[in-house]
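Numbering (our numbering), first residue to last: 875 to 1043.
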């Protein structure tokens, strides 16, 4: 989403996706803006520092980030490191290295693993938890911008050239 101001050409953009769970809404901005954790019960109005429903605030957000939650941990990955944050406090638990490049596809999780896919078709597999452990790095010879899907024990990736299904027959 992008907004333009016709009087002076200043604009804004919002390319990140919020994460909504029954007990927490996580709203990332983009570029170097904040990521905010909100209590959804009774929340309404502006998402600013004076909001009574704000639970925590992470000062800087990676560009084009879509958080994912597994248990009591929120994970972020955009154009930069893979980070994990405590659900209750927003405190960073760790910062781990993943494949360099833009990760515009939403991360997906299954079987205790998180899959972070770069535009270059490289998927890092990270163990879900409060400590960083990269389990694997896998490459596809395709550009990947869309979010992978998990179904029937397979991972599906929509690339520019192909639809990829990875898993056991």
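Backbone N, C-alpha and C define an ideal beta-carbon position, used for all residues, glycine too.
Status (buried if at least 16 other CB within 10 Å, exposed otherwise) for residue i
{"i": "residue 900", "result": "buried"}
{"i": "residue 1019", "result": "exposed"}
{"i": "residue 995", "result": "buried"}
{"i": "residue 916", "result": "exposed"}
DSSP three-state assignment for residue i, whether helix, strand or coil
{"i": "residue 900", "result": "strand"}
{"i": "residue 997", "result": "strand"}
{"i": "residue 984", "result": "strand"}
{"i": "residue 990", "result": "strand"}
{"i": "residue 906", "result": "coil"}
Close-in-space but distant-in-sequence residues of the same chain around residue i (CB under 8 Å, 5 per side omitted)
{"i": "residue 1027", "result": "1041, 1042"}
{"i": "residue 987", "result": "999, 1000, 1001, 1002, 1009"}
Distance between residue j and residue i (C-alpha atoms, nearest Å)
{"i": "residue 949", "j": "residue 1010", "result": "17 Å"}
{"i": "residue 1037", "j": "residue 979", "result": "15 Å"}
{"i": "residue 891", "j": "residue 941", "result": "7 Å"}
{"i": "residue 1000", "j": "residue 924", "result": "35 Å"}
{"i": "residue 954", "j": "residue 970", "result": "9 Å"}
{"i": "residue 1007", "j": "residue 905", "result": "26 Å"}
{"i": "residue 968", "j": "residue 938", "result": "20 Å"}
{"i": "residue 991", "j": "residue 1017", "result": "10 Å"}
{"i": "residue 944", "j": "residue 961", "result": "10 Å"}
Cβ shell of residue i (< 6 Å), same chain only, five flanking positions each side left out
{"i": "residue 914", "result": "899"}
{"i": "residue 903", "result": "935"}
{"i": "residue 1014", "result": "995, 1038"}
{"i": "residue 911", "result": "898, 900, 929, 930, 964"}
Neighbour flag for residue i against chain D, beta carbons, 8 Å
{"i": "residue 978", "result": "The structure shown contains no chain D; it is built from a single protein chain."}
message: Which runs of the beta strand (DSSP E) at least 3 residues long sit entirely within the region 1004-1040? Give them in chain order.
response: Annotation: the region 1004-1040 contains the following complete segments of the beta strand (DSSP E) (minimum length 3 residues), in chain order: 1008-1013, 1023-1025, 1028-1032.
message: Ignoring anything shorter than 4 residues, give me the alpha helix (DSSP H) runs that lie fully in the region 909-973, in order along the chain.
response: Every candidate alpha helix (DSSP H) stretch fails here, since none sits fully inside the region 909-973 while reaching 4 residues.
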